[in-house]
Amino acid sequence: MVKGVRFPGRYLQGPGILDRLGVEAMAFAPHALVVLDKGVVAFLREPVETAMRGHVEAQIFEHGGECSESEIRRMVEAARAHGAGVIVGAGGGKAIDTAKAAARDCALPVIVVPTIAASDAPCSALAVVYNDDGTVAYDSFLPRNPDLVLADTAIIANSPARFLAAGIGDALATFYEAESCRQSGAHNCLGMPGLPLAFTVASSCRDAIFAFGADALAECDAKTAGPALERVVEANILLSGIGFESGGVAAAHAIHHGLCELEDVHHHLHGEKVAIGVLAGLKLHKEEAELARVRAFCESVRLPVRLRDIGIKDATEEKLQTIAARACRSGEIIHNEPIPVTPAMVVEALTALI
Ligand SMILES: [Zn+2]
Numbered sequence: 028m029v030k031g032v033r034f035p036g037r038y039l040q041g042p043g044i045l046d047r048l049g050v051e052a053m054a055f056a057p058h059a060l061v062v063l064d065k066g067v068v069a070f071l072r073e074p075v076e077t078a079m080r081g082h083v084e085a086q087i088f089e090h091g092g093e094c095s096e097s098e099i100r101r102m103v104e105a106a107r108a109h110g111a112g113v114i115v116g117a118g119g120g121k122a123i124d125t126a127k128a129a130a131r132d133c134a135l136p137v138i139v140v141p142t143i144a145a146s147d148a149p150c151s152a153l154a155v156v157y158n159d160d161g162t163v164a165y166d167s168f169l170p171r172n173p174d175l176v177l178a179d180t181a182i183i184a185n186s187p188a189r190f191l192a193a194g195i196g197d198a199l200a201t202f203y204e205a206e207s208c209r210q211s212g213a214h215n216c217l218g219m220p221g222l223p224l225a226f227t228v229a230s231s232c233r234d235a236i237f238a239f240g241a242d243a244l245a246e247c248d249a250k251t252a253g254p255a256l257e258r259v260v261e262a263n264i265l266l267s268g269i270g271f272e273s274g275g276v277a278a279a280h281a282i283h284h285g286l287c288e289l290e291d292v293h294h295h296l297h298g299e300k301v302a303i304g305v306l307a308g309l310k311l312h313k314e315e316a317e318l319a320r321v322r323a324f325c326e327s328v329r330l331p332v333r334l335r336d337i338g339i340k341d342a343t344e345e346k347l348q349t350i351a352a353r354a355c356r357s358g359e360i361i362h363n364e365p366i367p368v369t370p371a372m373v374v375e376a377l378t379a380l381i
């Protein structure tokens, strides 16, 4: 049987790594389109221009805020007009995803500079495309992972700790979902079972966030890229990224998709909703001891543990049915679990989290 794993081309992490952007980009091409998230353009434009000077002719492109088809097209046109040989995407998930999708459309390499560690998007070969009104349109699967990821922990340590906590929530799902896929033999994002390395990475991811999560948040509060934050950034971005793509996804993200059906949760971050999905997934498996352990961990890293913590104040039967129906629809990743999962089981699991 063929099994596989996938990775970003290279991953470099440390405080001040942004200073190397020009030297690194020069290895790809003499002209770069640099996409800056509109939320970071004020403080990132100057350091990016300084890093590029003398190495690469960089055109700065301010991202509009949404990873939509129109925004991807606007970026492709800008890259072509500038004669860019490489695209750099710096910022949060949507700016990064737009850069990844535009690079695919231009057949160019892409460098990703995450300014927060709120999810495992920076390393993945996936872009979530939204409609211009902000609703999710579809997942766009890319032929390859980013060529280079530069995770500057000094920048990440200066972002709000809530983002780092959300990244821990996303990373928390990685082990449980990969383990479900390992048991069931379900396919990963390459359409095949993962090699054993995928599950080793997923275990390392869980071990790192359990050991260093709380300390990393304290370091982030102090705006310090200390040793715990370094470990958690690696877990949230690199280990979780490799772990989910190569190990596979299952109940936690399916329940996240279900939760997103409700207007109530729209002000909450991806990883915060995924954490609820992890807890519900453990309840599905009736793993009460592990559920208690993970719930206590979530509380220690400021993650939600109840539906009301992510905005669902009145968890009516109708709302729970809506979540469960979406989570369990035919072909959905919840069916990667090693046990058959029905909407009624999901409703029961969510009821325990009211
Ligand atoms: Zn995720």
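Start counting the sequence shown at 28; every next residue gets the next number (my numbering). Don't be surprised by glycine CBs; every beta carbon is placed ideally from N, CA and C.
Counting along the chain, residue 145 sits inside no alpha helix (DSSP H), nor does DSSP assign it H or E at all. Counting other Cβ atoms within 10 Å of its Cβ, residue 161 stays below 16 and is therefore classed as exposed. Between the C-alpha atoms of residue 84 and residue 157 there is a straight-line separation of about 31 Å. Counting C-beta pairs closer than 8 Å gives three or more between the stretch 297-311 and the stretch 137-157, which meets the contact rule. For residue 124, the shortest separation between its Cβ and any heavy atom of ligand 1 does not lie below 6 Å.
Beta-bridge analysis with DSSP links residue 63 to 89 and 117. According to the DSSP assignment, residue 156 belongs to the beta strand (DSSP E) that extends over 153-157.
Here residue 168 is bridged, per DSSP, to 153. About 16 Å separates the beta carbons of residue 150 and residue 121, which is beyond the 8 Å limit, so they are not a contact pair. When secondary structure is reduced to three states using DSSP, residue 221 falls in the strand class.
Secondary structure of residue 84 (DSSP, three-state): strand.
By the neighbour-count criterion, in which a residue is buried when 16 or more other Cβ atoms sit within 10 angstroms of its Cβ, residue 249 is exposed.
Judged by pairs of C-beta atoms under 8 Å, the stretch 103-112 touches the stretch 127-143, as three or more such pairs exist. With respect to the 7 Å criterion, residue 370 and residue 342 are not classified as neighbours on the basis of their beta carbons. Within the DSSP bridge table, the entry for residue 39 names 177 as partners.
In this structure, ligand 1 has a non-hydrogen atom nearer than 6 Å to the beta-carbon of residue 197. Contact between the stretch 233-248 and the stretch 317-336 is present: 3 or more CB-CB pairs across the two stretches fall below 8 Å. Residue 58 sits in a strand when the DSSP states are folded into three classes.
Of the residues 251, 221 and 255, the one whose Cα lies closest to the Cα of residue 236 is 255. For residue 68, the enclosing alpha helix (DSSP H) starts and ends at 68-79. In this structure residue 65 does not touch residue 82 by the C-beta definition: roughly 25 Å separates them, more than the 8 Å allowed. In the assembly as shown, residue 313 is an exposed residue. Its beta-carbon has fewer than 16 other beta-carbons within 10 Å. The way I'd put it, the stretch 280-288 doesn't touch the stretch 170-186; fewer than three beta-carbon pairs between them come closer than 8 Å. Residue 40 is classed as buried because its beta carbon has at least 16 other beta carbons within 10 Å across all chains shown. By the C-beta density criterion, residue 70 is exposed, having fewer than 16 other C-beta atoms within 10 angstroms. Per DSSP, the continuous alpha helix (DSSP H) segment holding residue 283 begins and ends at 278-286.
CA-CA distance, residue 188 to residue 28, rounds to 43 Å. Its chain contains 30, 31, 32, 205, 208, 209, 215, 273, 274 and 275 as the residues whose beta carbon lies nearer than 8 Å to that of residue 221, once the 5 sequence neighbours on both sides are disregarded; these appear in chain order. Burial check for residue 337: the Cβ neighbour count within 10 Å reaches 16 or more, so the residue is buried.
Ranked by Cα distance from residue 35, the first of 311, 108 and 137 is 137. The C-beta distance from residue 364 to residue 277 rounds to 5 Å, short enough to meet the 8 Å contact threshold. Taking all protein chains shown into account, residue 124 has 16 or more neighbouring C-beta atoms within 10 Å of its C-beta and is therefore buried. For residue 102, the uninterrupted alpha helix (DSSP H) segment begins and ends at 96-109.
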